[in-house]
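**Student:** Counted the way the UniProt record's numbering counts, the sequence shown spans residues 1 to 1112.
Virtual Cβ for every residue (Gly too), placed ideally from N, Cα, C.
Everything numeric in this text was worked out from a predicted model, so none of it was measured.
I am attaching a structure below and will ask some questions about it afterwards.
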Amino acid sequence: MKSPKERTALFEELSRSIEYQAEYDRLKAEMLKADEESQVKFNTRRVIAQEKKEARTEKDEAEKYQQMKDELALKQRCLVLHQLYHCERHIKEYENELKEQKKKLDRLVEAKEEKDNAVSEQHKKTKEQNKKVHKIEKEIAKREKEINDQRPIYVQAKAEVTHTAQKIATAKKAKDAAEAQADQNEEQKKKLKEKLDSLEDEKKKFENEADKDKELKLSEDQLNEYQSLNRKAMTSCARILRELNSVKSEDDNDRSALTFEESKLREMEQAVASKEKAIKSLENQLKDLATRMADVEKSIKEDRKAHDNSAKDLKASKKELEEKHKELAQANRELADVAGEIAEGDRTKRRNEAIENLIRVFPDKIHGRLFALVPPSHKKYQLAVTKVLAGHMMSIVCDSEEIAHQAISYLREQRYEPETFLPADNLDVHPISERVRNLAMSIRNPPPGLQLIFDIIKVENPHARKALQFVCGNTLICDNQNDAKQLAFGNYNQERYKAISLDGTMFQPTGVIAGGGADLAKKAKKWDEKHSKEIKDRKAKLEAEIKELTAKMKSELNVDQLQSRISSSENKLRSMKQHKENEEKRLETLRNQLEITKSELETIPPRIKELEGKIKSRQKLLKELEDQSNSEKDKIFADFCRQLGIRNIREYEDRELKIHAERQKRQMEFNNQIDQIKSELKYLDSEDRTAKFKREEDKVKALEKQLTALKEKEKKEKETLNRLEADLDNLKTKAMTERTELEELEAQLADVKKDAQGASREVASAEKSNVVVEAQLARKQHERHTLLHNAKINQIDLPLNSGSLDKDVTQGDEGDDAQSQSTMTTDPEHSQVTALSQDQIRRESRIKINYRDLPDESARIDKDTRSAEDKVKQITEKLNKEIGELQNTIGRYNAPNLKADQRLDEVRKREEQTSTEFDSAREKAKKAKNAFDKVKTERCNKFAQFFRKVEESIDEIYKKLSRNPSAQAFLGPNNMEEPYLDGIEYSCVAPGKRFRPMDNLSGGEKTVAALALLFAMRGRKPSPFFVLDEIDAALDNTNISKVANYISEDAMKDMQIIVISLKEEFFNKADSLIGVYPLPAACTTSGILTFDLTKFRNTALSDATNNSANNQ
């Protein structure tokens, strides 16, 4: 067998598609080459287009860069002029204000000592009243316990009343339904009896009037003559009449039976319909009952779950309530341990309210006061930390300078006091020195407790950490003053450090010593205030939780009620199950009755059909007999009929018979209607509805009696509960009165403390006002110095009327330390601005600015309006924003390319040349593809025409060779689009075997498969003769016979075949034999023998035919 590739080559040779192979390969290579050249040109053009875009961008950027630099210089000059103008305006205002503030301080020192004695007495009264309130609260708790015990009893009684009322409502509905059914039954029976009486009266009336309607009257002679002729006719037709009467009698009997069966059928159908209706009604009732039972079971399940959960929650709530009471007692003890109850004055409350509102208005932006964010790790460090934090202890930590400005505006709008802010993004923070942190390890005999003040403070907020690092720096803490002094004066390692002792004494490296004192101890109490506030908050939270738990326990006291409801639901479910069993038994009985009735009903239609068939088949015989009888009667009654003027005697007799038939029909209708009504009355009598009504009525009376007893019990329990609740309300009213009196005493105590602190606040406020104005003046002077110095450093050309920036503002005059630059304040008391010397102020005062270039919007601001500062800040922020945007934009630009125009022209020329080359390459590729597609199509068509014929015929040939219709052979190309490029798979399924690859077939199977492919190709490409060399070598006798028969029967019709074979089973079926043998000679020569076998085949056929005839 050939491989798939070799098989494809054979098909190409035979189909002559191989003639296109050279042209196909050449055109394909040309097409691929043209496509590649076109893609290269396209990529080149795209690169040049990108270069052109970049060159144009460089040109635009160079022009824009210079414009932005000029605009930036102008903006910077306007900003400095604007800031200097308003700074000088403020300096003049503060100088005038300072003179007026100093006059107020002398009038506020005399009123403080008179109000301190009343505080202790008022405090004693408050404690006594508090004891009374606690006593009443114990009584209230006792009453609440009694109520909690009584309420489940009342709830259970109420639930029993409700459940019994529901049962009564259900029973009344059932009673009303039974009563309605009984009334309906009686009314229906009454109507049927009235209808029956009416029908019987009509029947009697009809029978009385039956003989009055006769149209033809005969005389006595004519009647005698008719009777005489009739006797004669009866004698003449006696035999026919006897037979006719016999047939009519049978017909009447069958018709009567048919009427009876039809009446019985109607009765049975009515009974079936009635029973089906009753069954359907019972099924609906059972379905509704099952639904209600499922609801009750679900309710029981839910109630059980709720009961278990409530019991569990009640137990957990009791345990949790005990724990909360213990925690509340501990909080009260801790609060009592705080030395001296700290009273909040109005100012403190106001400041606390301010920080709370700020945190609410700016969530996640303002984090709180610094002292609240950085608590010391131990109480012994409080004085030292308070000294280090100094003026920033009450400062507010925020995210950014912008948030600080917004917060300041908010405080002004709400009329709060000034506050100091520490914006995290504007703090110039120096890193913590690890060398200072590890100082205790690097010096001999280090002082005890030596460590960084930063390391003894607990801080979690990153913004607070930065603010703490800004305030503390590398300050060290020691246990005593002597060790701190030695560190500050460099007695340990010749280096000076900022140090502080535990008592709050601070030693500066410059030699300045700042002690603690009473003021420091007072400020340190802020930590105690914070601790006290935390305890109060925890106490309030615990009281709220206890109140919530108490309310929750009250709501969870429905455990007994749930248990009662569960018991009631279970009783109801048992009753419903019993009722369901009774109804199911009744339903089963009705179904059995219905089954019996249906089985009887099924036997009636066949009998009716049989009777109708008999009646129909008998009508022909009746007609024949009647015709014979009528013929004899016509002969006998001919003269009599002429005398009466009628055609035949049957006209007279038919009138009489018709009247008789109508009477019989009407009589039958009466009978049928009477039978139907009687059957309905019988069915209604069988259903006793009155007994059911009486049972339901007795049930309602019993339930009403039970409900009356339950209501009495409910009333009694409710009265007990109401009495307990009334006692509780009285106690609560009394407690409320005592609490009101306690609150009044506490309010009076707060008023006394407030009056005692009032005088001190007024004096402090006056002193602070002077300090504020001085600090604001110094800050504005320092701000002017900073602006002038920055203008000099940044080389901003300011228009001056007098003075010089180079001479009057020098580098040595800079007094701004990092701490002061980063502090924003609305409270100049805490300002860290370093004051300028009088010499600096005098020299800088010689500088006079010419504000001719000042922006109009800045110069037009009215200084007396309240929004002037906001407008100044808005203009400053606007200019800063514009300058920042310009600087960012310029910073993103690289140095401009001065040869951008030249580069752009070169790129344009290259783009034109590349576009021309790309169009040419694309046209060439298109032509190459068209030529290749044409050759490809012709090659595919040649190959497909040959392959399709072989594919269609090979399976049929393989079946003939195998002599078995189950054998299969099929060809399949690996490449469906271009089959000549890949192999052709040839697969066969031998008779009686499963599919296997061609290589796994036996030698004989492969031979048969190869012959099938050979003969299939011969059908498409015929040859004059075939030479087959020992094709039977691998075949057994059976397959040899099959191949030989196919060749002799089918293949030899269209071609000549020469077969070389050594097996008799093969060559004995040939037309002739040719033998080759060697001849004796000097050289090897062959001899040939021929032998014709056709005559022996004819003889064999004749013998076979004769033998077959003899056997027959």
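1) Starting from the Cα of residue 1117, find the closest Cα among Lys-498, Glu-783, Phe-371, Gln-382 and give me that residue.
2) Closer than 7 Å by C-beta to Leu-787: which residues in its own chain qualify, once you throw out the five before and the five after it? Chain order, please.
3) Would you kindly check if the distance between the Cβ of Ile-147 and the Cβ of Gly-714 is under 8 Å?
4) What three-state label does DSSP hand His-378 in the structure shown?
5) Is it true that the segment 366-379 meets the segment 390-398, where meeting means three or more beta-carbon pairs spaced less than 8 Å apart?
6) I'd like the span of the beta strand (DSSP E) that includes Pro-973, first residue to last.
7) Relative to the C-alpha of Ala-271, which residue among Tyr-65, Leu-681, Ile-153, Leu-707 is closest?
8) Do you know offhand how far Lys-131's Cα is from Ala-868's?
9) Do you know how far the Cα of Ser-377 is from the Cα of Val-459?
10) Does any residue of chain B bring its CB to less than 8 Å from the CB of Ile-608?
11) Pair every Cβ in the segment 995-1013 with every Cβ in the segment 1028-1036, then say whether three or more of these pairs are closer than 8 Å.
12) Please classify Leu-780 as buried or exposed, where buried requires at least 16 neighbouring CB atoms within 10 angstroms.
13) Spatial neighbours of Tyr-958 within its chain, please: C-beta separation below 8 Å, excluding the five flanking residues on both sides.
14) In terms of alpha-carbon separation, which member of Ser-1048, Glu-1049, Gly-1075 lies closest to Ile-1060?
15) Rounded to whole angstroms, how far is the Cβ of Thr-386 from the Cβ of Gly-504, which I believe are closer than 8 Å?
16) Is Gln-776 buried or exposed, if buried means 16 or more other CB atoms sit within 10 Å of its CB?
17) Look at the alpha carbon of Val-752 and the alpha carbon of Gln-508, and state the distance between them as a whole number of angstroms.
18) Are the beta-carbon atoms of Leu-476 and Ile-453 separated by less than 8 Å?
19) Please list the terminal residues of the continuous beta strand (DSSP E) segment that includes Val-1076.
20) Mark Ala-859 as exposed unless 16 or more other C-beta atoms lie within 10 angstroms of its C-beta, in which case mark it buried.
21) Measuring alpha carbon to alpha carbon, tell me which of Ala-159, Lys-547, Ile-1088, Glu-95 ends up nearest Lys-711.
22) Ala-544: buried (16+ other C-beta within 10 angstroms of its C-beta) or exposed?
23) Quick one: Cα of Tyr-492 to Cα of Ile-443, how far?
24) Look up Arg-45 in the DSSP assignment and give the residues it is bridged to.
25) Quick check: what's the CA-CA separation for Gln-643 versus Asn-671?
26) Which stretch, first to last residue, makes up the beta strand (DSSP E) that contains Val-1059?
27) Thr-510 by DSSP, collapsed to three states: which one?
28) What does a CB cutoff of less than 6 Å around Lys-167 pick up in its chain, not counting 5 residues either side in sequence?
29) Assuming Leu-358 and Ala-407 form a contact by the criterion Cβ under 8 Å, report the distance between their Cβ atoms to the nearest whole angstrom.
30) Going by DSSP in three states, Cys-398 sits in which element: helix, strand or coil?
31) With distance defined between alpha-carbon atoms, name the residue in Ala-354, Asp-455, Ser-617 nearest to Glu-417.
32) Under a Cβ-count criterion, where at least 16 other Cβ atoms within 10 Å of its own Cβ denotes burial, should Ile-847 be classed as buried or exposed?
33) Counting Cβ pairs, one atom from each stretch, are 3 or more of them under 8 Å apart for the segment 32-51 and the segment 918-928?
34) Measure the alpha-carbon distance for Thr-291 versus Val-700 and round it to whole angstroms.
35) Could you tell me whether the segment 42-62 touches the segment 902-922, using the rule of 3 or more Cβ pairs below 8 Å?
36) Taking a contact to mean a Cβ-Cβ separation below 8 Å, would you say Phe-947 touches Phe-11 in this structure?
**Tutor:** Taking the definition as stated:
1) In the structure as shown, the chain begins at 1 and stops at 1112. Residue 1117 is therefore absent and cannot be evaluated.
2) Stepping through the sequence shown from its first residue, residue 787 is reached at position 787. Apart from sequence neighbours up to five positions away, the residues of its chain that approach Leu-787 with a beta-carbon distance below 7 Å are Val-80, Gln-83, Leu-84, Cys-87, ordered along the chain.
3) Taking the first residue of the sequence shown as position 1, residue 714 is located at position 714. Taking the first residue of the sequence shown as position 1, residue 147 is located at position 147. The sequence shown places Glu at residue 714, not Gly. Contact flag unset, no.
4) Taking the first residue of the sequence shown as position 1, residue 378 is located at position 378. Reduced to three states, the DSSP call for His-378 is coil.
5) A contact exists between the segment 366-379 and the segment 390-398.
6) Along the sequence shown, one-based indexing puts residue 973 at 973. Counting along the chain, Pro-973 sits inside the beta strand (DSSP E) bounded by residues 968-973.
7) Against the sequence shown, residue 271 aligns to sequence position 271. Out of Tyr-65, Leu-681, Ile-153, Leu-707, Leu-681 has the C-alpha closest to the C-alpha of Ala-271.
8) Here residue 131 is taken as the residue at index 131 of the sequence shown, counted from 1. Here residue 868 is taken as the residue at index 868 of the sequence shown, counted from 1. The straight-line gap from Cα to Cα measures roughly 58 Å.
9) As a working note, residue 459 is residue 459 in the sequence shown. As a working note, residue 377 is residue 377 in the sequence shown. Going from the Cα of Val-459 to the Cα of Ser-377 covers about 9 Å.
10) Of the protein chains in this structure there is only one, and it is not chain B.
11) Contact annotation: the segment 995-1013 touches the segment 1028-1036, with at least three C-beta pairs closer than 8 Å.
12) Here residue 780 is taken as the residue at index 780 of the sequence shown, counted from 1. Here residue 780 turns out to be Lys, not Leu, going by the sequence shown. Burial call: buried.
13) Residue mapping note: residue 958 aligns to position 958 of the sequence shown, counting from 1. Result list for Tyr-958: Ala-967, Gln-968, Ala-969, Cys-988, Val-1008, Ala-1009, Ala-1012, in chain order.
14) Along the sequence shown, one-based indexing puts residue 1060 at 1060. With distances taken between Cα atoms, Ile-1060 lies closest to Gly-1075.
15) Reading the sequence shown from its first residue, position 386 is the one you call residue 386. Reading the sequence shown from its first residue, position 504 is the one you call residue 504. Contact check for Thr-386 and Gly-504: beta-carbon distance about 7 Å, within the 8 Å limit, so the pair qualifies.
16) For this step, residue 776 is matched to residue 776 along the sequence shown. With 16 or more other Cβ atoms within 10 Å, it is buried.
17) The residue you call residue 752 lines up with position 752 of the sequence shown. The residue you call residue 508 lines up with position 508 of the sequence shown. Taking the straight line joining both Cα atoms gives about 43 Å.
18) Here residue 476 refers to the residue found at position 476 of the sequence shown. Here residue 453 refers to the residue found at position 453 of the sequence shown. In this structure, Leu-476 sits near Ile-453, with a CB-CB distance shorter than 8 Å.
19) Residue 1076 sits at position 1076 when you count from the first residue of the sequence shown. Unbroken beta strand (DSSP E) run through Val-1076: 1072-1079.
20) Residue numbering aside, residue 859 sits at position 859 when the sequence shown is read from its first letter. Ala-859 is exposed by the Cβ-count criterion.
21) In the sequence shown, residue 711 corresponds to position 711, counting from 1. The closest CA to that of Lys-711, considering only Ala-159, Lys-547, Ile-1088, Glu-95, is found on Ala-159.
22) Translated into the one-based positions of the sequence shown, residue 544 becomes position 544. Exposed is the call here.
23) Your numbering for residue 492 matches position 492 in the sequence shown. Your numbering for residue 443 matches position 443 in the sequence shown. If you take the alpha carbons of Tyr-492 and Ile-443, they lie about 7 Å apart.
24) Residue 45 sits at position 45 when you count from the first residue of the sequence shown. Arg-45 pairs with nothing; no bridge assigned.
25) The residue labelled residue 643 in the question sits at position 643 within the sequence shown. The residue labelled residue 671 in the question sits at position 671 within the sequence shown. Each residue's alpha carbon lies about 42 Å from the other.
26) Start at 1 with the first residue of the sequence shown, and residue 1059 comes out as number 1059. Run containing Val-1059: 1056-1060, per the beta strand (DSSP E) assignment.
27) As a working mapping, residue 510 is identified with position 510 in the sequence shown. DSSP places Thr-510 in coil when its eight states are reduced to three.
28) Counting from one through the sequence shown, the residue named residue 167 turns up at place 167. Within the same chain, Lys-167 has close Cβ partners Leu-703.
29) Translated into the one-based positions of the sequence shown, residue 358 becomes position 358. Translated into the one-based positions of the sequence shown, residue 407 becomes position 407. Right, their Cβ atoms sit about 6 Å apart.
30) On the sequence shown, residue 398 is found 398 positions in, with the first residue counted as 1. In the displayed model, Cys-398 falls within a strand according to three-state DSSP.
31) Within the sequence shown, the letter at position 417 stands for residue 417. Closest by C-alpha distance to Glu-417, out of Ala-354, Asp-455, Ser-617, is Ala-354.
32) Your numbering for residue 847 matches position 847 in the sequence shown. Burial state of Ile-847 is buried, judged by a 10 Å Cβ sphere holding 16 or more other Cβ atoms.
33) Segments in contact, yes.
34) As a working mapping, residue 291 is identified with position 291 in the sequence shown. As a working mapping, residue 700 is identified with position 700 in the sequence shown. Answer to the nearest angstrom: the Cα atoms are 23 Å apart.
35) Yes: the two stretches touch, three or more of their Cβ pairs being nearer than 8 Å.
36) As a first step, residue 947 must be located in the sequence shown, where it is residue number 947. As a first step, residue 11 must be located in the sequence shown, where it is residue number 11. Contact flag set, yes.
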